[in-house]
């Protein structure tokens, strides 16, 4: 069956982190890591109304973190771990970029200093 | 107008300032350290206000392209450039991976003498950014400041659960 999600596949960082900021939504994602589930099944442990759960699912769907079947009445929701990983990976790379580059710069500077010392010895 | 979100990194290097400056401004040295564990190709490096640094980073089969346009070059103290994400033709473009990531970041690098050592202070703030880009960058910086709590924790949980299930 064809899958449809609210938005296209491009991860939107802003939406993803806004979606992850809520503990209920994180719990829903953890639940979905166990496998797909309907709104009823998701709502059960939360003491929450179905409309409230639906609202959270909509936020997660817009952020591209889950997808739902549109053709089925149950509309089971399913995790899109790959999309989530891609977004977090992006942030991780940005965070690591300068730090890791600076580590390499440390080595390069050491190298340059050694070369300089050698050259001055020969003078 | 509210203050723009800022990325900031301070580091002290165990080398005199002239040497550190050279490492930042000689493309044949710069490409040895710029970009962590990836091959960096500097296609053009014109160190003067208005001059460009065209940079390609090879990641697996893909390349990441960026164009840095120097705004201020004050040896050996200060470098300012516009850091632009580009396509393969060096045209400013948003990333297909993260469309709301700021396309331009105003980057300032200050080099300060600390005895035999040099402190380097690097900042990046969104430039000519849309509200969505500013919000995206702010969100990312906030997550960085808080140890990336939400994103990392949930991913860790999910991956360990997925792995546990094989």
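Protein chains in written order, with this note's numbering: chain A, 3 to 125; chain B, 7 to 172. Don't be surprised by glycine CBs; every beta carbon is placed ideally from N, CA and C. Just so you know, these numbers come straight off a predicted model, no measurement behind them.
| How would you call residue 23 of chain B, buried or exposed, if buried means at least 16 neighbouring beta carbons within 10 angstroms? | Stepping through the second chain from its first residue, residue 23 of chain B is reached at position 17. Buried is the call here.
| request: Taking residue 67 of chain A as the reference, give the member of A:103, A:81 and A:48 with the closest Cα. | output: One-based indexing of the first chain puts residue 67 of chain A at position 65. Nearest C-alpha to residue 67 of chain A: A:81.
| task | Leaving aside the five residues before and after residue 106 of chain B along the sequence, list all residues of the same chain whose C-beta is less than 6 Å from its C-beta, in chain order. | result | Position 100 of the second chain holds residue 106 of chain B. Cβ neighbours of residue 106 of chain B beyond the five flanking positions: 138, 139 and 142.
| residue 30 of chain A burial status per 10 Å Cβ neighbour count (16 or more: buried) | In the first chain, the residue the question calls residue 30 of chain A occupies position 28. Answer is buried; the Cβ neighbour count reaches 16.
| task | Taking C-beta pairs closer than 8 Å, name the residues in chain A that residue 35 of chain B reaches, listed in chain order. | result | Here residue 35 of chain B is taken as the residue at index 29 of the second chain, counted from 1. The answer, in chain order, is 110 and 114.
| How close, in whole Å, do the beta carbons of residue 55 of chain B and residue 79 of chain B come, if the pair is a contact with beta carbons under 8 Å? | Within the second chain, numbered from 1, the residue matching residue 55 of chain B stands at position 49. Within the second chain, numbered from 1, the residue matching residue 79 of chain B stands at position 73. Sure, about 6 Å apart at Cβ, within 8 Å.
| message | Run through the DSSP bridge pairs and tell me what residue 106 of chain B is partnered with. | response | Here residue 106 of chain B refers to the residue found at position 100 of the second chain. BP columns for residue 106 of chain B are empty, so no partner.
| Given that residue 102 of chain A touches chain B, what residues does it touch there, using C-beta distances under 8 Å? | Along the first chain, read from residue 1 onward, the residue named residue 102 of chain A stands at position 100. The contacting residues are 42 and 43.
| message | Using a 10 Å radius around the Cβ and a threshold of 16 neighbouring Cβ atoms, would you call residue 76 of chain A buried or exposed? | response | Within the first chain, the letter at position 74 stands for residue 76 of chain A. Burial call: exposed.
| Cα separation between residue 121 of chain A and residue 34 of chain B? | Within the first chain, numbered from 1, the residue matching residue 121 of chain A stands at position 119. Within the second chain, numbered from 1, the residue matching residue 34 of chain B stands at position 28. One C-alpha to the other measures close to 19 Å.
| task | Name, please, each residue of chain B whose Cβ falls closer than 8 Å to the Cβ of residue 20 of chain A. | result | Here residue 20 of chain A refers to the residue found at position 18 when the first chain is read from its first residue. Per Cβ cutoff of 8 Å: 145.
| query | Of all the options A:79, A:103 and A:39, which has the alpha carbon lying nearest to the alpha carbon of residue 44 of chain B? | reply | Stepping through the second chain from its first residue, residue 44 of chain B is reached at position 38. It is A:103 whose Cα lies nearest to the Cα of residue 44 of chain B.
| Simplified DSSP assignment, three categories, for residue 42 of chain A | One-based indexing of the first chain puts residue 42 of chain A at position 40. Here residue 42 of chain A sits in helix by DSSP.
| What residue from B:97, B:12 and B:20 has the CA that sits closest to residue 121 of chain B's CA? | Stepping through the second chain from its first residue, residue 121 of chain B is reached at position 115. The residue with the shortest Cα to Cα distance from residue 121 of chain B is B:20.
| query | Going along chain B, which residues have a C-beta under 8 Å from residue 62 of chain A? | reply | What you label residue 62 of chain A is simply residue 60 of the first chain in a count that begins at 1. What residue 62 of chain A touches in chain B: nothing, since even the nearest Cβ is about 11 Å away.
| query | Under a three-way DSSP split, which group does residue 44 of chain B fall into? | reply | Numbered from 1 along the second chain, position 38 holds the residue referred to as residue 44 of chain B. Looking at residue 44 of chain B - three-state DSSP - the assignment turns out to be coil, as it is neither helix nor strand.
| field | Cα-Cα separation, residue 94 of chain B to residue 71 of chain B | value | Counting from 1 along the second chain, the entry for residue 94 of chain B is found at position 88. Counting from 1 along the second chain, the entry for residue 71 of chain B is found at position 65. Each residue's Cα considered, the two are about 6 Å apart.
| task | Measure the alpha-carbon distance for residue 6 of chain A versus residue 59 of chain A and round it to whole angstroms. | result | Taking the first residue of the first chain as position 1, residue 6 of chain A is located at position 4. Taking the first residue of the first chain as position 1, residue 59 of chain A is located at position 57. Because the pLDDT of residue 6 of chain A is 39, which lies under 50, any placement of that residue in the model is unreliable, and the question is left without a value.
| query | Do you know offhand how far residue 38 of chain B's Cα is from residue 109 of chain A's? | reply | The count along the second chain starts at 1 and reaches residue 38 of chain B at position 32. The count along the first chain starts at 1 and reaches residue 109 of chain A at position 107. Near 10 Å, if we compare the C-alpha coordinates of residue 109 of chain A and residue 38 of chain B.
| field | Length of the line joining the Cα atoms of residue 33 of chain A and residue 61 of chain A | value | As a position in the first chain, residue 33 of chain A is number 31, starting the count at 1. As a position in the first chain, residue 61 of chain A is number 59, starting the count at 1. Using only the alpha carbons, I get a separation of about 16 Å.
| task | Would you please verify whether the beta carbon of residue 38 of chain A is less than 7 Å from any beta carbon of chain B? | result | Start at 1 with the first residue of the first chain, and residue 38 of chain A comes out as number 36. It does not: the Cβ of residue 38 of chain A has no partner Cβ on chain B nearer than 7 Å.
| task | For residue 101 of chain B, I'd like the list of residues in its chain whose CB is within less than 6 Å of its CB, leaving aside the five on either flank, ordered along the chain. | result | Position 95 of the second chain, counted from the first residue, corresponds to residue 101 of chain B. Counting only Cβ-Cβ distances below 6 Å, and skipping sequence neighbours, we find 91 and 107.
| said: Quick test of your reading: residue 40 of chain B and residue 31 of chain B, contact by CB under 8 Å. State the CB separation rounded to the nearest angstrom. | reply: Counted from its first residue, the second chain places residue 40 of chain B at position 34. Counted from its first residue, the second chain places residue 31 of chain B at position 25. Between residue 31 of chain B and residue 40 of chain B the Cβ distance is about 12 Å, and since that is not below 8 Å, they are no contact.
| Comparing alpha-carbon positions, which option in B:67, B:74 and B:69 lies nearest residue 53 of chain B? | Counted from its first residue, the second chain places residue 53 of chain B at position 47. Nearest option by C-alpha distance: B:74.
| Taking Cβ-Cβ distances below 9 Å as the criterion, which residues of the segment 14–33 of chain B are in contact with chain A? | 15, 17, 19, 20, 21, 22, 25, 26, 28, 29 and 30
| task | In the DSSP assignment, find the unbroken alpha helix (DSSP H) run with residue 28 of chain B in it and report its ends. | result | For this step, residue 28 of chain B is matched to residue 22 along the second chain. That run of the alpha helix (DSSP H) goes 23–31.
| message | Per the DSSP calculation, residue 62 of chain B is bridged to which residue(s)? | response | Counted from its first residue, the second chain places residue 62 of chain B at position 56. BP columns for residue 62 of chain B point to B:47 and B:71.
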